[in-house]
Amino acid sequence: MRLGIDDMQQWRPFLFYCCFLANTAVAASLENREAVQTDIIEAAAANTHFGIEYCDLSSGKASAYRAKVRARVGEPDDFDARWNQGWDGEQETIGGYQKLRVQNPSSFASNVAAACEAIATETESQPWPPNLRE
153 MRLGIDDMQQ WRPFLFYCCF LANTAVAASL ENREAVQTDI IEAAAANTHF
203 GIEYCDLSSG KASAYRAKVR ARVGEPDDFD ARWNQGWDGE QETIGGYQKL
253 RVQNPSSFAS NVAAACEAIA TETESQPWPP NLRE
């Protein structure tokens with residue numbers, strides 16, 4: 153099922169909340185540690201990409217946040233590949249927001265404001281999950 157722009161906008165705050173919950177998981181068993189690491193890295197990269205595109209997230213803050221995520225998940229060997237996958241995956245969302253900006257500027261503004269608030273909170277005062285180092 154493909155979501156339209158209006159559907160995407162409606163669910164964006166919920167998706168940010170889900171990413172927030174993934175980032176604040178209380179425990180990760182050994183079996184799903186890698187999956188949790190992947191989710192955290194990809195969500196952080198996607199949010200960083202969105203933040204740079206729409207929230208005036210500075211490259212300095214983005215770099216510091218990336219380093220913080222890398223250190224917290226135990227610096228897995230494939231961190232960069234996971235980060236790039238999350239970053240690239242966000243491009244579809246960014247494209248949807250570009251269309252929304254033209255089609256419904258007021259909806260675009262309100263949705264971006266909510267998303268940027270969540271990203272600012274995440275990048276500046278990250279409530280971290282347990283240390284995922286092995």
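Numbering (my numbering), first residue to last: 153 to 286.
Virtual Cβ for every residue (Gly too), placed ideally from N, Cα, C.
task = Given a cut-off of 7 Å, decide if R234 and I193 are closer than it, judged by their beta-carbon atoms.
result = yes
query = How would you call V178, buried or exposed, if buried means at least 16 neighbouring beta carbons within 10 angstroms?
reply = Its pLDDT being 49, under 50, V178 is placed unreliably by the model, and the measurement read from it follows with that caveat. Flag for V178 reads exposed.
key: Sequence-distant residues of its chain with Cβ nearer than 6 Å to L209 (five each side left out)   = G203
request  = State whether the stretch 212-221 contacts the stretch 248-265, with contact taken as three or more CB pairs (one from each stretch) at a distance under 8 Å.
outcome  = no
key: Within the stretch 206-232, ranges of the alpha helix (DSSP H) (whole runs, at least 4 residues)   = 211-224
ask   = Should G189 be labelled buried (16 or more other beta-carbon atoms within 10 Å of its own) or exposed?
value = Correcting the residue type first, residue 189 is Gln in the shown sequence and not Gly. By the 10 Å Cβ count, Q189 comes out buried.
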